[in-house]
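Trainee:
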Amino acid sequence: MAARRTDSNSPYWDGNGRLARLVQAWLCWRFDQPVPIYTNRARYLAALSRYHHTRDLTLLLQLSQESQTRPG
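Sequential numbering from 1 applies to the sequence shown in the UniProt record's numbering.
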C-alpha cells in the first residue's frame, strides 16, 4: 500500500478537499448561486469540540458570522 503524502505539494494532502471545493465553486457559479466561504479548519474543529463538550454554540455562531461578513 502506498504511503499517504501529507505535504501541501500533494493534491490529496487535505483529503482531496481542494478539488471538492473547486468543483463546488464551479457548480455554484454555473447555477448562479453564491460560493461558500470556508472557515479556518482548526478554529472550526475547536468550536465544534467545545459544542460537543458543553453544548455552547457561541464559538460556532461566531465563526459563522465572521465567514458571512468577510470582505471578498
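Every residue, glycine too, gets a C-beta built ideally from N, C-alpha and C.
Remember, predicted model here, so these are calculated numbers, not experimental data.
#1: Just the Cα atoms here: how many angstroms apart are Arg30 and Glu66?
#2: Using a threshold of 7 Å, state whether the C-beta atoms of Leu19 and Thr39 are closer than that.
#3: What's the call for Met1, buried or exposed, on a 16-neighbour Cβ count within 10 Å?
#4: My guess is that Gln24 and Pro34 are in contact by the Cβ rule of under 8 Å, so how many angstroms apart are they, rounded?
#5: Pull up the distance between the alpha-carbon of Arg43 and that of Gly17, whole angstroms please.
#6: Taking 7 Å as the threshold (C-beta atoms), are Ala47 and Leu27 in contact?
Mentor: Reading from the atomic positions:
#1: Roughly 26 Å between the two C-alpha positions.
#2: In this structure, Leu19 sits away from Thr39, with a CB-CB distance that is not shorter than 7 Å.
#3: Because the pLDDT of Met1 is 48, which lies under 50, any placement of that residue in the model is unreliable, and the number read from its coordinates should be weighed accordingly. Burial call: exposed.
#4: Contact between Gln24 and Pro34 does not hold, since the beta-carbon distance rounds to 11 Å and is not under 8 Å.
#5: Their Cα atoms are separated by approximately 17 Å.
#6: Cβ distance not < 7 Å, so Leu27 and Ala47 don't count as in contact.
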